[in-house]
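**Student:**
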Amino acid sequence: MADCLFCSIIAGSVPAFEVASTDECVAFLDIRPVFKGHVLVVPRAHVVTLADLDPGLLSPFFGFVQQLSRAVEAGLGAGGSFVAMNNKVSQSVAHLHVHVVPRTKGDGLRGFFWPRTKYESDEEAASYASRVGNALGGHS
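The sequence shown begins at 25 in the numbering used here and counts up by one.
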């Protein structure tokens, strides 16, 4: 897609600090990293959300994300990683991407992405679980 920043990076018409690539995916540094070494993993195919990703690409895509998570830790001496994805809301580029952020104990990343809440009761929690399960077709 010509007006998509990530498609332009994949095509090589916009420069990026590429980390690795496969036939299905590309990984490059985020230009506004949470911490240095913050990597974005994108499918080569232009899709906007996880729901749009071809089921046949799930394994190659998330397998690559898993490899990048290990590589960020090993290559940067990080104590762990934070792996996240936005779909629609807070998705700054409308091309599916996963953030792989290096983490170290005491790095200050607390409550960075969302506030926490509580269910009023077990009944309310069960109601939410039921609503999501029903939308899935009753599979649990």
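C-beta atoms are modelled at their ideal positions from N, C-alpha and C, and glycine is treated no differently.
Use the C-beta contact count for Leu120: other C-beta atoms within 10 angstroms, 16 or more gives buried, fewer gives exposed.
**Tutor:** Against the sequence shown, residue 120 aligns to sequence position 96. Its Cβ being crowded by 16 or more others within 10 Å, Leu120 is buried.
**Student:** Buried or exposed for Ala35, going by 16 or more other Cβ atoms inside 10 Å?
**Tutor:** The residue labelled residue 35 in the question sits at position 11 within the sequence shown. In summary, Ala35 is exposed, with fewer than 16 beta-carbon neighbours lying within 10 Å of its beta-carbon over all protein chains present.
**Student:** Check whether the Cβ atoms of Phe41 and Val65 lie closer than 8 Å to each other.
**Tutor:** Working through the sequence shown from its first residue, we reach residue 41 at position 17. Working through the sequence shown from its first residue, we reach residue 65 at position 41. Against a cut-off of 8 Å, the Cβ pair of Val65 and Phe41 comes out as no contact.
**Student:** Scan the segment 30–73 and note each continuous beta strand (DSSP E) run of 3 residues or more that stays entirely inside, going in chain order.
**Tutor:** 42–45, 49–53, 63–67
**Student:** Give me the Cα-Cα distance between Gly157 and Glu147, rounded to the nearest whole angstrom.
**Tutor:** As a working mapping, residue 157 is identified with position 133 in the sequence shown. As a working mapping, residue 147 is identified with position 123 in the sequence shown. Between the C-alpha atoms of Gly157 and Glu147 there is a straight-line separation of about 15 Å.
**Student:** From which residue to which residue does the beta strand (DSSP E) around His105 run?
**Tutor:** Residue mapping note: residue 105 aligns to position 81 of the sequence shown, counting from 1. Checking the displayed sequence, the identity of residue 105 turns out to be Ser instead of His. Residues 104–108.
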